[in-house]
Every structure is written in structure tokens, then in C-alpha cells.
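Undergrad:
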């Protein structure tokens, strides 16, 4: 079956390294 | 709401919806910041095969321990909203995982499998623990840690589509909060504006010139304070560290004659201040009281920051907000950030005109009606208050 990817458009506005544990 | 295609009602996504799934496991990957779609596909496949291997190993172990009936899957409720994604244990309703939606990098679905990719937090000091370079990676490109959660569900596709829809609803809210009407502007169009905007790199050029970076030795008496006021350089600045905002008359800093207001202090007696919160930098400086020699690394900077925003048309919002002449928010990756706008700075000049005594409404009017090249001069608001005598300096 096909693999589908949906990217979060917020990603490009996030500072590098910002995320959560 | 602007119609966002997807299986859910946008209103329902704000409150949150729940899907039943089986949690198969989690793994970690290193990734560059904005990988291509192909790389993301490989990452998702790698995560699935790792988790499946872990599942297999667990099954074998369980068989060996003759716990044949013990389940190898955890039944979970996947809670999806425009704010967060939570994984709750279906029996106990205890939260096993909880991620803010903005920290989710992407979602993948393949057959009955869903893969959730979340960025891991990196300490501000960018410690080696969370940021690594892969040996042999081109120009030592930075790699960030991602945590990948793998689930199995009959509704895998529906789950992925719902999360995708939550991404879109949340993103439109974000654009609206930054003054961009999503109806007026397709994402593609805004990306085009961003790509025509040159990165304002005077800062970078300035910091990279060795003549601007100095190591200073300051003499002081034991028990004497350094006699400085420091302020934050402001979110969005290329070098996140403190700025010298004032010096005490006759104090060790002023006596040395080597420092100027506006200088950015990068380290004190070998301790780096870069990326540290203001209070921590202040306590490091206070800790120098008993010293007689202080070694400072600084970057000489003018007290005023120059900003250049290129706005081709009025329909493109500037991407920052101003309150009483002070920049209070900034859209990450927007044209203002690229132009050198810093949070917490006071606008001193717009297109050569001083605005220090200008009413808020007039400043907003001047900014909202400007197109083409917008030149501004700004300085940290706290520094402005000290320089204009509105605030009494508390020297440390």
C-alpha cells in the first residue's frame, strides 16, 4: 500500500531545536 | 473558518476527536531541519521497520518466558486537536504521550500503520546531547532528534487525514493571528514572497569580522561590582546574548574605556553567555564581585539595530506587531524576521523619520501603509528607557 506523508506547515516557522521531550 | 479539506468538522478538531488504535512502539531518528519528502518517506519506513523488529523481539522473549497470552500491543485512544496530540491508555485513560501539535513535524500512513514524527526539544545551549552532526554529512549539516511513534489501526488513513486537517486549521489560525488572511493568500504565494526576501545579513557579516570580536581584560577592586546594566538582545537576533545597556560612572567597566553601550557580551571569564536567560547572565556578572581581573569577550555593536524589510505589496503583512512603539511579537520565518526585526526592541526611526515621540496609531499607520523597502532603526526597549532617563539604572 502507498505511503502518504503530510507535513505540518508550522514546521517552517518553528525555531530549530524547538520541540518537546 | 476557511474550509479546510478533511474528514472532520474544523470545530470538532478544536475540541479534539478520538480514534482507537494499537500503539506499537517508538524510536528515535536524526533528521536535518526540513527534509525532502523522499527523505521523510525513508524515515517513516525506517521507524516502522525498527518498531516491528522490536515487536518481534518482544514476542520471542515472551514466548521464551511462556507468557503466551500476554498482549504485545497496547490499546490506546489517540486524541487529536488543533493544540495537541495525546496518546491515552484505552483502559486507564492515562496519558502515555502528549505532544503540542506545532512540535509534530509530519504524519505518515501506510496501510494500517500511522507514524507520528515529533521534534525533540533541544536545550538553548545546543548541547551535544540533542544536536549532532552525522560524520560525512555535507558541510557538517546539523541533525535534530526526532521521536517517531508507530500505531496500527483500521482507520490509519482517516487518522492521518484528521491530523493533516488539524495541521491546516491550526496553521490558518496562526496566519490569522499574524495578520494574514488565509483567504487572501495561498501558502504558495506567501512562500514566494519569503523566497524573494533577502536574509538581512549585516549582523552576520558584522559578527564574522574578527576586528569586531574582542577579548578584553578589565581590572577591578575586590568587592567592587562591574558597574554595568545588561539587557537581552531580543528574540530573533542572530547572536542571542546580553547587550551592554549602561555603565556606572567611575565603575570598572567605564574606567577601562574599552566598552561601549551596545556591545554584545559573549563570555565572562571563559563562561559563555550565549543563549542563556537574562537572569542567568546577570548572576554570572554579579558573581565577579570578588574578582580583581575580569576577562570579557565582546562583539562591538552600535546601540541601534538597522532593519530592512522588503514588502512588494500591501497585501503581504509585515509579520510583526507593535505596541506603544515596541515590537512585541514576530512571525517566525516571516519577512520581518528576515529583515532584522527583534522582539522587545523599540522602533526609533522609520524610513529616516524619528518616531520616538510619535503616537502608537501613527506608527501603525506608517508601517501598515509602507511598501517597497522599509528601513527602520531599533534598539532594545530597556536600553532606550535607560538612555532617555525614563528608568534608573540598577548596576550589577
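Residue numbers (our numbering), protein chains in the order written: chain G, -7 to 13; chain H, 559 to 954.
Glycine is no exception: its CB is placed at the ideal position from the N, C-alpha and C atoms.
Please go through the same chain and pick out, in chain order, the residues whose beta-carbon is closer than 7 Å to the beta-carbon of residue 915(H), but skip the five residues on each side of it.
TA: Mapped onto the second chain, residue 915(H) falls at position 357. Taken in chain order, the list of residues that qualify is empty.
Undergrad: With burial defined as no fewer than 16 other Cβ atoms inside 10 Å of the residue's Cβ, what is the status of residue 779(H): buried or exposed?
TA: As a position in the second chain, residue 779(H) is number 221, starting the count at 1. Residue 779(H) comes out exposed.
Undergrad: Using 8 Å for Cβ pairs, my map puts residue 1(G) next to residue 729(H). What's the rounded Cβ distance?
TA: Looking up residue 1(G) in the first chain gives position 9. Looking up residue 729(H) in the second chain gives position 171. That belief holds up - the Cβ atoms of residue 1(G) and residue 729(H) are roughly 4 Å apart, short of 8 Å.
Undergrad: Leaving out five residues before and five after residue 720(H) in sequence, what residues of the same chain have Cβ atoms less than 8 Å from its Cβ?
TA: Taking the first residue of the second chain as position 1, residue 720(H) is located at position 162. So the list reads 564, 565, 566, 571, 575, 577 and 638, once near-sequence residues are dropped.
Undergrad: With DSSP run on the structure shown, which of helix, strand or coil describes residue 889(H)?
TA: For the purposes of this step, residue 889(H) is identified with residue 331 of the second chain, where counting begins at 1. DSSP places residue 889(H) in coil when its eight states are reduced to three.
Undergrad: Helix or strand or just coil, what does DSSP make of residue 838(H)?
TA: Counted from its first residue, the second chain places residue 838(H) at position 280. If DSSP states are grouped into helix, strand and coil, residue 838(H) belongs with the helices.
Undergrad: Can you find a C-beta in chain G that's less than 8 Å from the C-beta of residue 896(H)?
TA: In the second chain, the residue the question calls residue 896(H) occupies position 338. Cβ-Cβ to chain G under 8 Å: no for residue 896(H).
Undergrad: Residue 598(H) touches chain G at which residues, Cβ-Cβ below 9 Å?
TA: Along the second chain, read from residue 1 onward, the residue named residue 598(H) stands at position 40. The answer, in chain order, is -3 and -1.
Undergrad: Residue range of the beta strand (DSSP E) that residue 729(H) falls in?
TA: If you number the second chain from 1, residue 729(H) lands on position 171. That residue, residue 729(H), is in no beta strand (DSSP E); its alpha helix (DSSP H) goes 714 to 735.
Undergrad: Which whole-angstrom value describes the C-beta separation of residue 811(H) and residue 834(H), a residue pair presumed to lie in contact below a C-beta threshold of 8 Å?
TA: Numbered from its first residue, the second chain carries residue 811(H) at position 253. Numbered from its first residue, the second chain carries residue 834(H) at position 276. Between residue 834(H) and residue 811(H) the Cβ distance is about 19 Å, and since that is not below 8 Å, they are no contact.
Undergrad: In chain G, which residues lie with their C-beta within 9 Å of the C-beta of residue 941(H)?
TA: Counting from one through the second chain, the residue named residue 941(H) turns up at place 383. Within 9 Å Cβ-Cβ: nothing; residue 941(H) doesn't reach chain G, min ~24 Å.
Undergrad: Beta-carbon of residue 592(H) versus every beta-carbon of chain G: anything under 8 Å?
TA: Position 34 of the second chain, counting from 1, holds the residue named residue 592(H). Closer than 8 Å to some Cβ of chain G, the Cβ of residue 592(H) qualifies, so yes.
Undergrad: Which runs of the alpha helix (DSSP H) at least 4 residues long sit entirely within the region 795 to 866 of chain H? Give them in chain order.
TA: Counting whole runs of 4 or more residues, the region 795 to 866 of chain H contains the alpha helix (DSSP H) stretches 810 to 814 and 836 to 844.
Undergrad: Taking CB distances under 8 Å as the criterion, tell me whether residue 586(H) reaches chain G.
TA: Within the second chain, residue 586(H) is the residue found at index 28, counting from 1. No, because no Cβ of chain G sits closer than 8 Å to the Cβ of residue 586(H).
Undergrad: Starting from the beta carbon of residue 732(H), find every residue of chain C whose beta carbon is closer than 8 Å, and list them in chain order.
TA: Although the question refers to chain C, the structure presented lacks it and instead comprises the protein chains G and H.
Undergrad: Could you check what DSSP says for residue 896(H) in three-state terms: helix, strand or coil?
TA: Taking the first residue of the second chain as position 1, residue 896(H) is located at position 338. Three-state DSSP puts residue 896(H) in a helix.
Undergrad: Just curious, the alpha helix (DSSP H) that residue 938(H) is in, first and last residue?
TA: The sequence position of residue 938(H) within the second chain is 380, counting from 1. Looking at the DSSP string, residue 938(H) is not in any alpha helix (DSSP H); the run it does join, the beta strand (DSSP E), is 930 to 938.
Undergrad: Go through its chain and collect everything with a Cβ distance to residue 675(H)'s Cβ below 6 Å, but skip five positions before and after it.
TA: Taking the first residue of the second chain as position 1, residue 675(H) is located at position 117. 663, 664, 704 and 706.
Undergrad: Find out if the Cβ-Cβ distance for the pair residue 878(H), residue 899(H) is shorter than 8 Å.
TA: Numbered from its first residue, the second chain carries residue 878(H) at position 320. Numbered from its first residue, the second chain carries residue 899(H) at position 341. In contact: residue 878(H) and residue 899(H) (Cβ atoms closer than 8 Å).
Undergrad: Using the C-alpha atoms, what's the distance from residue 870(H) back to residue -3(G)?
TA: Taking the first chain and counting its residues from 1, the one referred to as residue -3(G) is at position 5. Taking the second chain and counting its residues from 1, the one referred to as residue 870(H) is at position 312. Taking the straight line from one Cα to the other gives about 33 Å.
Undergrad: Under three-state DSSP, which class holds residue 923(H)?
TA: One-based indexing of the second chain puts residue 923(H) at position 365. Residue 923(H): helix per DSSP, three-state reduction.
Undergrad: Counting only the same chain and skipping the five closest in sequence on each side, list residues whose C-beta sits under 6 Å from that of residue 648(H).
TA: What you label residue 648(H) is simply residue 90 of the second chain in a count that begins at 1. These residues qualify, in order along the chain: 633, 634 and 635.
Undergrad: Note down, in chain order, all residues in the region 655 to 671 of chain H with a beta-carbon under 7 Å from any beta-carbon belonging to chain G.
TA: Those residues of the region 655 to 671 of chain H that come within reach of chain G (Cβ to Cβ, closer than 7 Å) are 657, 658, 660, 661, 662, 663, 664, 665, 666, 667, 668 and 669.
Undergrad: If you draw a straight line from the C-alpha of residue 718(H) to the C-alpha of residue 655(H), how long is it?
TA: Taking the second chain and counting its residues from 1, one reaches residue 718(H) at position 160. Taking the second chain and counting its residues from 1, one reaches residue 655(H) at position 97. Using only the alpha carbons, I get a separation of about 17 Å.
Undergrad: Measure from the C-beta of residue 577(H) to each C-beta in chain G and report whether the shortest distance is under 8 Å.
TA: Position 19 of the second chain, counting from 1, holds the residue named residue 577(H). Taking Cβ atoms only, chain G never reaches closer than 8 Å to residue 577(H), which makes this a no.
Undergrad: Quick one: what's residue 707(H) bridged to in DSSP?
TA: Working through the second chain from its first residue, we reach residue 707(H) at position 149. Bridge partners of residue 707(H): 584(H) and 674(H).
Undergrad: Near residue 666(H), what residues of its chain come up, given a Cβ to Cβ distance below 6 Å and the 5 sequence neighbours on each side ignored?
TA: As a position in the second chain, residue 666(H) is number 108, starting the count at 1. So the list reads 602 and 673, once near-sequence residues are dropped.
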